[in-house]
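Chains as they are written, first to last, in UniProt numbering: chain B, 1 to 275; chain S, 1 to 275.
Take a look at the structure:
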């Protein structure tokens with residue numbers, strides 16, 4: 001197993017920052033253009049772990065990423081939460097009045113639409129926040145700003161001309177740490193688990209499942225119905241469970257077994273910190 | 001109340017097609033650049049109704065659209081499901097070998113990534129599938145193809161060079177019909193309702209709510225936990241309920257009232273057809 005961590009985006013992206021919080025500041029991250037590539041690199045062993053955004057406090061779940069994770073047979077080995085702060089970055093010394101264009105990922109531009117809309121700037125969508133910052137430095141681009149995080153400013157020696165230009169201050173992204181099952185030893189004291197399951201068509205079947213979970217004193221921190229591929233508008237579910245005693249989880253899994261189909265435990269891990 | 005229907009996108013877009021299925025082929029649609037604009041035009045009365053995508057069978061819910069709908073105080077007056085079929089459109093007579101660039105909305109390009117990836121084409125992201133088709137006609141662009149639906153081909157007189165280039169055949173989008181409360185008479189025989197609610201922090205509170213719903217013989221066709229603005233990682237819920245007798249819905253709403261906070265019925269309407 002190599003020790004590098006596959007991330008979506010480039011050095012200085014939010015995935016890169018989250019990976020360093022989880023694995024430590026000296027972590028070697030392997031940039032990937034897509035979430036699919038992150039998963040492939042973990043599955044084929046060219047990266048030891050992967051880091052993949054799974055939900056955001058404003059936009060909600062990134063459902064296709066659950067499908068990627070399941071189809072590749074990977075496990076959730078941990079999680080990390082990151083407070084997303086977007087800044088306006090320029091070459092040092094560039095004044096606001098010089099800016100004609102702002103480059104960033106479409107999601108970052110959207111998060112800053114209120115601020116950006118107050119200026120007559122041309123907005124240019126790019127693949128990655130950090131890549132936009134890097135291009136300004138490499139091309140010595142005057143008149144161009146990037147929307148990206150503080151780590152990108154530091155890495156590419158850009159100036160934060162206007163900090164915190166995102167509209168919603170409570171913008172948090174949750175990232176999952178992915179690994180191959182063979183590389184995922186059971187966490188010493190897991191206190192969280194991610195599962196997916198289908199319920200029968202019968203009315204009330206989901207209610208019965210949730211009652212079993214509640215009876216074990218387990219907290220349901222997330223419940224998400226998902227369109228089920230090949231069965232349009234027949235939903236399956238993703239659930240995150242928080243517990244103090246892993247034996248409670250085992251008891252709940254036994255209790256819901258006759259009420260569900262295809263229960264998959266995607267991972268048992270430690271609750272993540274927020275940075 | 002004007003009779004026009006605000007839609008996201010341009011004439012020939014999937015919103016336009018869905019609006020014509022719901023309101024009839026002679027409907028006057030008012031193109032809007034964003035979902036926010038659709039909601040504003042309905043709220044300020046410059047459009048009689050709005051049509052807004054709310055979920056897709058592959059990508060899941062468009063959560064920010066629930067927020068737009070709630071914040072504007074609009075009602076759900078109906079729904080319509082559309083089978084999304086993406087085609088490769090060109091000026092009549094253009095061969096596949098002449099194509100150098102393919103233009104479309106990023107989501108459409110993504111849905112066709114398998115097909116597009118087999119060709120050495122430059123992919124250009126645009127605001128709208130139908131707009132990409134229109135630009136090919138207006139500019140008489142040779143060497144350029146658009147990814148869009150059959151209605152765009154018809155409207156802008158383009159040839160469907162390769163039909164059905166989307167990877168996942170079961171690709172359905174659900175659209176909500178929006179109206180101001182004053183313009184939304186109670187449906188004659190509603191058999192579906194959309195609601196949102198918060199549950200208390202107590203373990204098992206969601207389970208108790210779902211038991212009340214099941215006890216009325218109501219089918220839960222969708223359940224979605226949502227990040228709650230201003231309360232990071234404390235989820236609220238969106239639920240769609242299907243019932244035969246509206247009195248059952250009223251009974252369920254009375255039963256869940258002491259178990260929930262801020263129950264909002266976003267609309268009572270007739271189940272939508274799939275086109």
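The beta-carbon is built from N, C-alpha and C at its ideal position, and this holds for glycine as well.
For residue 9/S, the three-state DSSP class (helix, strand or coil): strand
Reference residue 149/S, options 138/S, 143/S, 128/S, closest by Cα: 128/S
From 27/S, 118/S, 155/S, pick the residue whose C-alpha is nearest to that of residue 136/S; which is it? 155/S
For the alpha helix (DSSP H) that contains residue 67/B, what are its first and last residues? 63–71
Range of the contiguous beta strand (DSSP E) that encloses residue 267/B: 260–269
Rank 25/B, 6/B, 5/B by C-alpha distance to the C-alpha of residue 151/B and give the top, closest one. 25/B
Quick check on residue 192/B - is its C-beta less than 8 Å from some C-beta in chain S? no
Taking 6 Å as the limit between beta carbons, can you name the residues of its chain near residue 1/S, skipping five residues before and five after? Legend: pLDDT at residue 1/S = 48, less than 50; position of this residue unreliable, value from coordinates given subsequently. Contacts found: 48, 183.
Members of the segment 45–75 of chain B that neighbour chain S once the beta carbon cut-off is set at 8 Å: 55, 56, 57, 58, 59, 60, 61, 63, 64
Would you give the residue range spanned by the alpha helix (DSSP H) that residue 138/B belongs to? 129–139
Just to confirm, are residue 84/B and residue 162/B a CB contact at a threshold of 8 Å? no
Do residue 192/S and residue 158/S count as a contact pair if the criterion is CB distance below 8 Å? no
Short CB-CB distance (under 8 Å) between residue 8/S and chain B: no
Only counting the same chain, and skipping five residues up and downstream in sequence, which positions put a Cβ closer than 8 Å to that of residue 21/B? 80, 82, 273, 275
For the segment 110–139 of chain B, which residues have a CB atom closer than 8 Å to at least one CB atom of chain S, in sequence order? 125
Look up residue 196/B in the DSSP assignment and say whether it is helix, strand or coil. strand
State the DSSP-derived secondary structure class of residue 156/B, mapped to helix, strand or coil. coil
So that I know if they touch, is there some Cβ in chain C lying closer than 8 Å to that of residue 206/S? Absent from the structure: chain C. Protein chains present are B and S.
In terms of residues, what are the limits of the beta strand (DSSP E) holding residue 31/S? 29–32
Checking the sheet assignment: what are the DSSP bridge partners for residue 236/S? 198/S, 226/S
For the segment 153–179 of chain B, list every residue whose C-beta sits within 7 Å of some C-beta in chain S, in sequence order. 170, 172
Cβ-Cβ separation, residue 34/S to residue 7/S (assumed contact under 8 Å), whole Å: Rounded, the Cβ-Cβ distance is 11 Å, inconsistent with contact.
For the ligand SAH, is there a heavy atom less than 7 Å away from the beta-carbon of residue 63/S? Judged by which ligands are present, the structure shown has none, so any question about the ligand SAH falls away.
Can the beta-carbon of residue 259/S be found closer than 8 Å to that of residue 209/S? yes
Just checking: is the beta-carbon of residue 196/S within a distance shorter than 8 Å of some beta-carbon in chain B? no
Nearest-angstrom Cα distance between residue 204/B and residue 244/S? 16 Å
Considering only their Cβ atoms, is the gap separating residue 180/B from residue 43/B smaller than 8 Å? yes
With 16 as the cutoff for other CB atoms within 10 Å, does residue 96/S come out buried or exposed? exposed
Contacts that residue 226/S makes with chain B (C-beta to C-beta distance below 8 Å): 60
Under 8 Å, with one C-beta from each stretch per pair, do the segment 60–68 of chain S and the segment 51–60 of chain B reach the 3-pair mark? yes
Residue 55/B - partner residues in DSSP beta bridges: 61/B, 174/B
Chain-ordered chain S contacts of residue 253/B [CB-CB under 9 Å]: Simply none; closest approach about 16 Å.
Member of 111/S, 224/S, 78/S, 175/S whose CA lies at the smallest distance from the CA of residue 86/S: 111/S
Can you list, in chain order, the residues of its chain whose CB lies under 7 Å from that of residue 262/B, leaving out five sequence neighbours each side? 197, 198
By the criterion of Cβ-Cβ separation under 9 Å, what are the contact partners of residue 223/S in chain B? 206, 223, 224, 225, 235, 237
Tell me which same chain residues have a C-beta within less than 7 Å of the C-beta of residue 3/S, skipping the five on either side of it? 28, 48
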